[in-house]
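Visitor: Handing you this structure, nothing more for now.
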Amino acid sequence: KAGVTQTPRYLIKTRGQQVTLSCSPISGHRSVSWYQQTPGQGLQFLFEYFSETQRNKGNFPGRFSGRQFSNSRSEMNVSTLELGDSALYLCASSPEPGQANTEAFFGQGTRLTVV
Amino acid sequence: AQTVTQSQPEMSVQEAETVTLSCTYDTSESDYYLFWYKQPPSRQMILVIRQEAYKQQNATENRFSVNFQKAAKSFSLKISDSQLGDAAMYFCAFRGANSKLTFGKGITLSVRP
Numbered sequence: 006k007a008g009v010t011q012t013p014r015y016l017i018k019t020r021g022q023q024v025t026l027s028c029s030p031i032s033g034h035r036s037v038s039w040y041q042q043t044p045g046q047g048l049q050f051l052f053e054y055f056s057e058t059q060r061n062k063g064n065f066p067g068r069f070s071g072r073q074f075s076n077s078r079s080e081m082n083v084s085t086l087e088l089g090d091s092a093l094y095l096c097a098s099s100p101e102p103g104q105a106n107t108e109a110f111f112g113q114g115t116r117l118t119v120v
Numbered sequence: 108a109q110t111v112t113q114s115q116p117e118m119s120v121q122e123a124e125t126v127t128l129s130c131t132y133d134t135s136e137s138d139y140y141l142f143w144y145k146q147p148p149s150r151q152m153i154l155v156i157r158q159e160a161y162k163q164q165n166a167t168e169n170r171f172s173v174n175f176q177k178a179a180k181s182f183s184l185k186i187s188d189s190q191l192g193d194a195a196m197y198f199c200a201f202r203g204a205n206s207k208l209t210f211g212k213g214i215t216l217s218v219r220p
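If you're matching them up, the sequences are chains A and B in order. Counting in my numbering, the first sequence runs from 6 upward without gaps. Counting in my numbering, the second sequence runs from 108 upward without gaps.
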C-alpha cells in the first residue's frame, strides 16, 4: 500500500507569489490534514478536509486555503507569500475524521522557502 | 484548548542505555489519545506509540514504553536498549474529539556510540 505522497518535495518562491502544494492520501483514507512545521513555532495545525469539506481550521490567516477533491487528494494554497511562510508543510491522512484513536499517517512534507 | 509541553529541547543517551523523554499536557476533555511521533532526518513523522486516556495500563511497543499519569497529565516515553537509529526528533501529541493533533515543541535525541 503506497503511503502519503506530497509534491513537490522542495519549492523556492519569491515574496508576493502564491504556491500550491499537493497531497495524495493513502488509498481508502478520506480525511486529510495539513500542518506547518517551523523551528520557532513547531508543528501547527492548518486545516482538515473530509469528503471535500473543511472540517477544522487552525489559527492561520486567510492567505492559507485548501481544498479536497472527490478522490480525497488535497491541495493547499498560500497566496501573497511572506518570508515567515518558509516552513515544512506536512500532510497527514486518516481513514475517517473525528475519531481520536485513528492513527494519522504523514507524508515526507514539502519544504517551502520564500526568498 | 489543549496544550502539550515538552520542556527538554535536547537529550543524549549512550547506545544500549535507557532514556526517558518527558511530556505534559493540559485538556478539559476526558476521552482522548496521546501519541509519540519520531521524525528522523528524512522528515517523515513515524508513529512510535499511542496511549488511550481511559486505559490505565501503560502502552508498550518493543523497546518503547510510556508512563502515563492521567491525574498529573504526564506522558513520558521510555526507550530501552537505545540504538543509533533511534536518533531523531521526538514529538508528543494530543488528539481529542475534534481529531486534530496538537504537538509539543519536540525534543532532539542523540545516541552516542
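The beta-carbon is built from N, C-alpha and C at its ideal position, and this holds for glycine as well.
1. Please go through the same chain and pick out, in chain order, the residues whose beta-carbon is closer than 8 Å to the beta-carbon of B:Ile156, but skip the five residues on each side of it.
2. Below 8 Å on the Cβ atoms is my guess for B:Ile186 versus B:Val111; work out the distance and round it to an integer in Å.
3. With distances taken between CB atoms, is the gap from A:Glu11 to A:Ser32 smaller than 8 Å?
4. Listing by chain order, which chain B residues have their CB less than 8 Å from the CB of A:Pro102?
5. Figure out for me which residue from B:Gln109, B:Gln113, B:Pro147 has the closest Cα to the Cα of B:Ser135.
6. What residues in the stretch 72-92 of chain A have a beta carbon less than 8 Å from any beta carbon of chain B?
7. Check the Cβ of A:Asn53 against every Cβ in chain B and list those closer than 9 Å, keeping chain order.
8. Taking only the alpha-carbon atoms, compute the straight-line gap between A:Tyr15 and B:Gln164 and give it to the nearest angstrom.
9. Any beta carbon from chain B within less than 8 Å of A:Gln41's own beta carbon?
10. With distances taken from CA atoms, which of B:Glu159, B:Tyr132, B:Val120 is nearest B:Pro220?
11. Going by DSSP, what residue range makes up the beta strand (DSSP E) through A:Arg60?
12. Are there 16 or more other CB atoms within 10 angstroms of the CB of B:Ile214, so buried, or fewer, so exposed?
13. To the nearest angstrom, report how far apart A:Asp90 and A:Phe65 are at their CA atoms.
14. If A:Phe74 sits next to A:Glu57, beta carbons under 8 Å apart, how far is it from one beta carbon to the other, in whole angstroms?
Guide: Result, derived from the coordinates:
1. Contacts found: Phe142, Trp143, Ala166, Thr167, Glu168, Phe171, Ser172, Val173, Leu184.
2. With 8 Å as the limit, B:Ile186 and B:Val111 do not qualify as a contact, their Cβ atoms being about 19 Å apart.
3. Here residue 11 of chain A turns out to be Gln, not Glu, going by the sequence shown. Their beta carbons are not under 8 Å apart, which means A:Gln11 does not touch A:Ser32 by this criterion.
4. Correct list: Ser206.
5. For B:Ser135, the nearest C-alpha among the options comes from B:Gln109.
6. Going along the stretch 72-92 of chain A in chain order, one finds no residue with a Cβ nearer than 8 Å to chain B.
7. Going by the sequence as given, residue 53 of chain A is Glu instead of Asn. At a C-beta separation below 9 Å, A:Glu53 has these neighbours in chain B: Asn205, Ser206, Lys207.
8. Taken atom to atom, the span from the alpha-carbon of A:Tyr15 to that of B:Gln164 is near 42 Å.
9. Answer no: the Cβ-Cβ gap between A:Gln41 and chain B never drops below 8 Å.
10. Nearest of B:Glu159, B:Tyr132, B:Val120 to B:Pro220, Cα basis: B:Val120.
11. 58-62 is the span of the beta strand (DSSP E), which, as asked, contains A:Arg60.
12. Result: buried.
13. About 11 Å.
14. Cβ-Cβ separation between A:Phe74 and A:Glu57: approximately 7 Å, consistent with a contact (criterion under 8 Å).
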